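Asks: So the sequence shown is numbered by UniProt numbering: it starts at 1 and just counts up by one.
C-beta atoms are modelled at their ideal positions from N, C-alpha and C, and glycine is treated no differently.
What you are looking at is a predicted structure, and each value in this text was computed from that prediction instead of being measured.
Below is one structure. I have some questions about it.
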Amino acid sequence: MTSKIQALDNKHHIHPFSDSKELHEINPREITHAEGVYIYDDKGNKLLDAMAGLWCVNIGYGRQELVDVATKQMSALPYYNLFFKTTHAPAAKLAAKIASLAPSHMNKVFFTGSGSEANDTVFRMVRRYWDLKDKPTKKQFISRENAYHGSTVVGASLGGMGYMHEQGDLPIAGISHVEQPYFFKDGGDLTQEAFGIKAAQSLEAKILELGEDNVAAFIAEPFQGAGGVIIPPTSYWPEIKRILAKYDILLVVDEVISGFGRTGEWFASQYYDLEPDLMPIAKGLSSGYLPIGGVIVGDKVAETLIDKGGDFNHGFTYSGHPVAAAVALKNIELLESEGIVERVKNETAPYLQKRWKELAAHPIVGETRGLGMVAGLELVRDKDTHERIAPNSKAGGICRDFSMANGLIMRPCGDTMIISPPLVITKAEVDELMEKALKALDETAKHYN
Ligand code: PLP
1 MTSKIQALDN KHHIHPFSDS KELHEINPRE ITHAEGVYIY DDKGNKLLDA MAGLWCVNIG
61 YGRQELVDVA TKQMSALPYY NLFFKTTHAP AAKLAAKIAS LAPSHMNKVF FTGSGSEAND
121 TVFRMVRRYW DLKDKPTKKQ FISRENAYHG STVVGASLGG MGYMHEQGDL PIAGISHVEQ
181 PYFFKDGGDL TQEAFGIKAA QSLEAKILEL GEDNVAAFIA EPFQGAGGVI IPPTSYWPEI
241 KRILAKYDIL LVVDEVISGF GRTGEWFASQ YYDLEPDLMP IAKGLSSGYL PIGGVIVGDK
301 VAETLIDKGG DFNHGFTYSG HPVAAAVALK NIELLESEGI VERVKNETAP YLQKRWKELA
361 AHPIVGETRG LGMVAGLELV RDKDTHERIA PNSKAGGICR DFSMANGLIM RPCGDTMIIS
421 PPLVITKAEV DELMEKALKA LDETAKHYN
């Protein structure tokens, strides 16, 4: 039966990334509260949230310390902007804390309200940088097919999702896309190593096509998240680094998902030994308790922007919002003081990855993969040929529905099932996740038999 909330929602609310007409027919599930790694709905169902919301609730749900810090900050200073030659303690302290955790050559932060706004900021900052370097032709961005960089016009254009480009005449001019390092899909007869080099070299080919004097930056997620937890072969990033250095092109590492402990390091750039010029961040920064994002800026770009740039004509009403910044700072302090990132690295992530690998033996699983606290698996009918179970990538949605019915949130990306649980997940909760994931796979297999 449709509840009062569902009726209001159906009448007045347009949902993000949803077919609202279809949603109104099935009624959206009403989530009422959450604790630890679990969310609860109004019918009393308890679900293990193996996606940490949208890859963001790193610290888990229900942390009173974050509520308390928000309440205190709201009483003292609920809002003030940072445009008018003013600052406040939450923004300044948060910027310093982020700089202390980032790679050592990155010491400045520009705040935004989201990951998409962070990538819009990157776009303007990079172009400004090259203008100030007297290289005004360096304007083009190179990204990758199936990348996700947000949903604003620039974010969706930098992203490589065809279904997003179809709506709104995207991408905008000045953005090209090259191969993604998706071995399971595109590897063919190559070894992982050889495929990683080949995928990276599609960047070099694009630079030569556009002309190195026209290329400003390459943007990439360290591992692709929304595209299906695509982990690049080990040969990929070193080859990308070689190419970017050769042609004097900036590296933007989009750490919106991978930042704040998800790989077992504070940033995936440390995991992969990357030296980004710019790093967009969001999500785990506040564990999703309040909206906040930003761009961590490397010294090279920061010095030019600041020493030569004068006014940077860019910013948001909520850049460095004091309540969001205070919550983010407390969130990072808790991740640090409770040793959560270290525990991910040394204990819980190795355990999750070991258990996740067991699913590779399942008859409809063509591959499992993962690192840190993210993992994915490919649903197939034939393990050798990688033939999919059903046309039109429908099996993922079916598997997701079985999983939800069993009390586990996994996300489908076409025929890939992905997870990204809160970093506080325990080994016992990993066992529960595995049991439920296995049951969802069994039921999916049965459904297609
Ligand atoms: N960049 C990456 C890698 C993301 O995964 C996302 C969101 O999932 C974004 C940017 C956009 O962030 P937001 O949804 O906060 O705008």
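1) What's the C-alpha gap between residue 173 and residue 34?
2) Say whether the segment 281-294 touches the segment 314-327, bearing in mind that this needs 3 or more beta-carbon pairs closer than 8 Å, one atom from each stretch.
3) With respect to the beta strand (DSSP E) encompassing residue 293, which residues constitute its N-terminal and C-terminal limits?
4) Quick check on DSSP: helix, strand or coil for residue 110?
5) With distance defined between alpha-carbon atoms, name the residue in 426, 436, 321 nearest to residue 93.
6) What are the boundary residues of the alpha helix (DSSP H) that residue 438 is part of?
7) Name the DSSP beta bridge partners of residue 417, please?
8) For the segment 434-442 against the segment 368-375, are there 3 or more C-beta pairs whose distance is under 8 Å?
9) Exposed or buried, what is residue 224 when buried is set at 16 or more other beta-carbons lying within 10 Å of its beta-carbon?
10) Closer than 7 Å to a non-hydrogen atom of the ligand HEM - does that hold for the CB of residue 145?
11) Residue 336 to residue 141, Cα distance in whole Å?
12) For the beta strand (DSSP E) containing residue 38, list its first residue and its last residue.
13) Ignoring anything shorter than 3 residues or poking outside the segment 236-283, list the beta strand (DSSP E) runs there in chain order.
14) Which runs of the alpha helix (DSSP H) fall wholly inside the segment 64-95 and span at least 4 residues, in chain order?
15) Using a 10 Å radius around the Cβ and a threshold of 16 neighbouring Cβ atoms, would you call residue 149 buried or exposed?
16) Give the DSSP-derived three-state secondary structure of residue 289 in the structure shown.
17) Is there at least one non-hydrogen atom of the ligand PLP closer than 7 Å to the beta-carbon of residue 163?
18) Using only the heavy atoms of the ligand PLP, determine whether one of them is closer than 7 Å to the beta carbon of residue 409.
19) Thinking just about the alpha-carbon of each residue, which of 271, 228, 211 is nearest to the one in residue 246?
20) Out of 312, 155, 25, 136, point me to the one whose CA is closest to residue 82's CA.
21) Would you call the segment 177-195 in contact with the segment 88-103, where contact means no fewer than 3 C-beta pairs closer than 8 Å?
22) Let me check you understand the geometry: is the CB of residue 114 closer than 7 Å to at least one non-hydrogen atom of the ligand PLP?
23) CB-CB under 6 Å to residue 419, same chain, minus the five flanking residues each way: which ones, in chain order?
24) Does residue 191 get closer than 8 Å to chain D when you measure Cβ to Cβ?
25) Do you know how far the Cα of residue 10 is from the Cα of residue 19?
26) When the Cα of residue 194 is compared with those of 3, 417, 236, 45, which residue comes out closest?
27) Which two residues bound the contiguous alpha helix (DSSP H) that contains residue 357?
28) Which residues does DSSP pair with residue 47 in a beta bridge?
29) Take residue 383 as the anchor and find which of 364, 397, 372, 399 has the nearest alpha-carbon.
30) Please classify residue 144 as buried or exposed, where buried requires at least 16 other C-beta atoms within 10 Å of its C-beta.
31) In the structure shown, what three-state DSSP assignment does residue 368 receive?
32) From 188, 238, 243, 234, pick the residue whose C-alpha is nearest to that of residue 208; which is it?
33) Give the straight-line distance between the Cα atoms of residue 308 and residue 124, rounded to the nearest whole angstrom.
34) Classify residue 20 as helix, strand or coil using the three-state DSSP reduction.
35) Would you identify the three-state DSSP class for residue 343, choosing helix, strand or coil?
36) So, with DSSP's three-state summary, where would you put residue 385?
Replies: Quick look at the numbers:
1) Across the structure, residue 173 and residue 34 are spaced so that their CA atoms are roughly 43 Å apart.
2) Contact between the segment 281-294 and the segment 314-327 is present, because at least three Cβ pairs lie under 8 Å.
3) Run containing residue 293: 293-298, per the beta strand (DSSP E) assignment.
4) If DSSP states are grouped into helix, strand and coil, residue 110 belongs with the strands.
5) Closest option to residue 93, Cα to Cα, is 321.
6) Per DSSP, residue 438 belongs to the alpha helix (DSSP H) from 427-447.
7) Answer is 377, 412.
8) They do not touch, by the three-pair rule.
9) Under this definition residue 224 is a buried residue.
10) The ligand HEM is not among the ligands present in this structure, which contains only the ligand PLP.
11) Answer to the nearest angstrom: the Cα atoms are 35 Å apart.
12) First-last of the beta strand (DSSP E) with residue 38: 38-41.
13) Taking only runs of at least 3 residues, the beta strand (DSSP E) segments lying wholly in the segment 236-283 are 250-253, 278-281.
14) The segment 64-95 contains these whole alpha helix (DSSP H) runs: 64-76.
15) The residue in question, residue 149, is buried, as its Cβ has 16 or more Cβ neighbours within 10 Å.
16) Here residue 289 carries a coil assignment [DSSP, helix/strand/coil].
17) Relative to the ligand PLP, even the nearest heavy atom lies 7 Å or more away from the CB of residue 163.
18) Incorrect: residue 409 has no Cβ contact closer than 7 Å to the ligand PLP.
19) Among 271, 228, 211, the Cα nearest to that of residue 246 is on 211.
20) Selected option, being the one with the closest Cα: 312.
21) With contact defined as three or more Cβ pairs closer than 8 Å, the segment 177-195 and the segment 88-103 are not in contact.
22) True, at least one ligand heavy atom lies under 7 Å from that Cβ.
23) Within the same chain, 50, 375, 410 come within 6 Å of residue 419 by CB-CB distance, once the 5 residues on both sides are set aside.
24) In summary, chain D is missing from the structure at hand, where a single protein chain is found.
25) Straight-line spacing of the CA atoms in residue 19 and residue 10 works out to 12 Å.
26) It is 236 whose Cα lies nearest to the Cα of residue 194.
27) Run containing residue 357: 349-357, per the alpha helix (DSSP H) assignment.
28) 39, per the DSSP bridge assignment.
29) Of 364, 397, 372, 399, the smallest CA-CA separation from residue 383 is found for 364.
30) With 16 or more neighbouring CB atoms inside 10 Å of its own CB, residue 144 falls in the buried class.
31) Three-state DSSP puts residue 368 in a strand.
32) Measuring from the Cα of residue 208, the nearest candidate turns out to be 243.
33) Rounded to whole angstroms, the separation of the alpha carbons of residue 124 and residue 308 is 16 Å.
34) Residue 20 sits in a helix when the DSSP states are folded into three classes.
35) Three-state DSSP puts residue 343 in a helix.
36) Assignment of residue 385 by DSSP, reduced to helix, strand and coil, places it in the coil class.
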